[in-house]
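Everything below concerns the one structure shown next.
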Amino acid sequence: MAPTPKEDELNKTIVEDATATASRENHRAIPVSCGVHRGPQGFANLVVERKPNGEIVLDPHVTGACVIILDETAATALFDVLGTWLR
Numbered sequence: 028m029a030p031t032p033k034e035d036e037l038n039k040t041i042v043e044d045a046t047a048t049a050s051r052e053n054h055r056a057i058p059v060s061c062g063v064h065r066g067p068q069g070f071a072n073l074v075v076e077r078k079p080n081g082e083i084v085l086d087p088h089v090t091g092a093c094v095i096i097l098d099e100t101a102a103t104a105l106f107d108v109l110g111t112w113l114r
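Using the numbering used here, read the sequence shown as starting at 28 and increasing by one per residue.
The structure is reproduced here in structure tokens:
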């Protein structure tokens, strides 16, 4: 289902703000693999950004086409899961 014009404008604003204005301290690129496009390890980049409001933004492929926005609770849950798996 296609987004409404209002949703499309909101998504555009979120995406444009997601990585374009990030400071170096709050913006990292992590080399990863992409299950859809395949390619070797490090083929794709995952941009991770901490927003001033505390949200964590994940931008696969650095295109802004689909960003994942985590609030503090979700980011903490992800941190805990990764910490458990990486022990």
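We treat Cβ as the ideally placed atom computed from N, Cα and C, and that holds for glycine.
Apart from the five residues just before and just after residue i, which ones in its own chain have a Cβ nearer than 7 Å to its Cβ?
{"i": "R77", "result": "N53, I83"}
{"i": "C93", "result": "P87"}
Got a sec? Which residues, its chain only, sit under 6 Å from residue i by beta carbon, not counting five neighbours each side?
{"i": "A71", "result": "V59, C61, H88"}
{"i": "L97", "result": "I83"}
Tell me which same chain residues have a C-beta within less than 8 Å of the C-beta of residue i, skipping the five on either side of it?
{"i": "P67", "result": "S60"}
{"i": "G69", "result": "P58, V59, S60"}
Tell me the rounded alpha-carbon separation between residue i and residue j.
{"i": "G117", "j": "A101", "result": "Shown here, the chain extends from 28 to 114; a query on residue 117 therefore has no answer."}
{"i": "I119", "j": "L85", "result": "With the chain covering only 28 through 114, there is no way to say anything about residue 119."}
{"i": "N80", "j": "H64", "result": "32 Å"}
{"i": "T103", "j": "G91", "result": "23 Å"}
Using DSSP bridges, identify the partner residues of residue i.
{"i": "R55", "result": "V75"}
{"i": "P87", "result": "L73"}
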